[in-house]
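J.: Structure provided below as structure tokens; questions to follow.
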Amino acid sequence: MLPIELNKRQEKIVEIVKDLGPITGEQIADRLDLTRATLRPDLAILTMSGYLDARPRVGYFYTGKTSAQLLTEKIRQIQVKEYLSMPVLVQEDATVYDAICTMFLEDVGTLFVVNKHSKLAGVLSRKDLLRASMGNQDLNSIPVSIIMTRMPNITVCSKEDLLVEVAEKLIDKQIDALPVIKNSTDEDAFEVIGRITKTNITKALVDFSGDAII
Numbered sequence: 001m002l003p004i005e006l007n008k009r010q011e012k013i014v015e016i017v018k019d020l021g022p023i024t025g026e027q028i029a030d031r032l033d034l035t036r037a038t039l040r041p042d043l044a045i046l047t048m049s050g051y052l053d054a055r056p057r058v059g060y061f062y063t064g065k066t067s068a069q070l071l072t073e074k075i076r077q078i079q080v081k082e083y084l085s086m087p088v089l090v091q092e093d094a095t096v097y098d099a100i101c102t103m104f105l106e107d108v109g110t111l112f113v114v115n116k117h118s119k120l121a122g123v124l125s126r127k128d129l130l131r132a133s134m135g136n137q138d139l140n141s142i143p144v145s146i147i148m149t150r151m152p153n154i155t156v157c158s159k160e161d162l163l164v165e166v167a168e169k170l171i172d173k174q175i176d177a178l179p180v181i182k183n184s185t186d187e188d189a190f191e192v193i194g195r196i197t198k199t200n201i202t203k204a205l206v207d208f209s210g211d212a213i214i
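Going by the UniProt record's numbering, the sequence shown opens with residue 1, and the numbers climb by one from there.
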């Protein structure tokens with residue numbers, strides 16, 4: 001990732017390309033009285049960051065995009081697989097007490113329930129477990145299958161999904177996490193391979209604010 005602020009030479013290159021593009025690297029180097037080798041790293045940075053584009057036998061040209069537009073584009077390209085974390089699973093015959101202990105020990109806010117075939121059967125949130133623990137019920141006698149959210153009421157995502165779209169789902173559904181599943185059209189055969197949480201998305205934002213890409 002590259003610093004947000006361009007140096008003076010990079011800013012000058014952008015201005016030259018904006019005014020005269022398409023223009024070759026050699027022509028830019030001549031205008032700055034530099035060698036092509038000296039200029040190569042700056043051109044690479046400007047191209048990778050999105051300020052400039054390059055076409056073989058044509059040269060460099062200005063993309064016309066602002067820093068904010070470039071940042072937005074980069075954020076919208078992030079996929080779930082770049083920030084997913086390991087899922088915390090419980091069996092559907094586990095008790096509510098077991099699930100509460102697991103959630104506490106693993107320090108997570110959502111558990112994914114799997115069946116005897118290790119496929120996604122349900123989701124447990126803190127709210128689900130808190131609701132079940134109210135009253136005088138024996139938590140060791142209640143299976144999580146009684147209180148969990150079941151298909152088709154579970155929202156899932158794949159590792160190729162865009163992180164920003166997953167964030168929108170979390171907001172829309174007012175939930176804390178989504179299971180990341182292997183691509184499958186069979187809801188009864190979803191294999192959980194990860195999880196995306198609000199914390200994962202916050203980490204992505206921190207990464208971008210601390211070490212921006214443009």
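Note that CB positions come from ideal geometry on N, CA and C, so glycine has one too.
Mind reading off the beta-carbon distance from residue 129 to residue 99? Whole number of angstroms is fine, and I expect it under 8 Å.
T.: About 6 Å separates the two Cβ atoms, so the contact holds.
J.: Hey, residue 123 and residue 95: beta-carbon distance below 8 Å or not?
T.: The answer is no: Cβ separation not under 8 Å.
J.: For the putative contact between residue 191 and residue 181, defined by C-beta atoms under 8 Å, what is the C-beta separation to the nearest angstrom?
T.: Right, their Cβ atoms sit about 6 Å apart.
J.: Does the Cβ-Cβ distance between residue 144 and residue 157 come in under 8 Å?
T.: Cβ distance not < 8 Å, so residue 144 and residue 157 don't count as in contact.
J.: Sort 206, 168 and 139 by Cα distance to residue 93 and report the nearest one.
T.: For residue 93, the nearest C-alpha among the options comes from 139.
J.: Can you tell me whether residue 112 is helix, strand or coil according to DSSP?
T.: Strand, per DSSP.
J.: Specify the secondary structure class of residue 137 as computed by DSSP and reduced to three states.
T.: Three-state result, residue 137: coil.
J.: Looking only at its chain, what residues have a beta carbon closer than 8 Å to the beta carbon of residue 133, apart from the 5 residues adjacent to it on each side?
T.: 96, 100 and 139, listed in sequence order.
J.: Have a look at residue 22 and residue 29 and give me their C-alpha separation to the nearest angstrom.
T.: Each residue's alpha carbon lies about 14 Å from the other.
J.: Have a look at 51, 12 and 83 and flag the residue whose alpha-carbon is nearest the alpha-carbon of residue 197.
T.: Minimum Cα distance to residue 197 is reached at 83.
J.: Measuring straight from C-alpha to C-alpha, what distance separates residue 39 and residue 8?
T.: Cα to Cα, residue 39 sits roughly 13 Å from residue 8.
J.: Give the range of the alpha helix (DSSP H) segment to which residue 118 is assigned.
T.: Taken as a continuous stretch (DSSP letters only), residue 118 belongs to no alpha helix (DSSP H), as it is neither H nor E.
J.: Ends of the beta strand (DSSP E) at residue 179?
T.: Taken as a continuous stretch (DSSP letters only), the beta strand (DSSP E) holding residue 179 covers 177-181.
J.: Could you tell me the alpha carbon to alpha carbon distance between residue 155 and residue 108, rounded to whole angstroms?
T.: Spanning the two alpha carbons is a distance of roughly 18 Å.
J.: Can you tell me which residues form a DSSP beta bridge with residue 54?
T.: The partner list for residue 54 (beta bridge, DSSP) reads 60.
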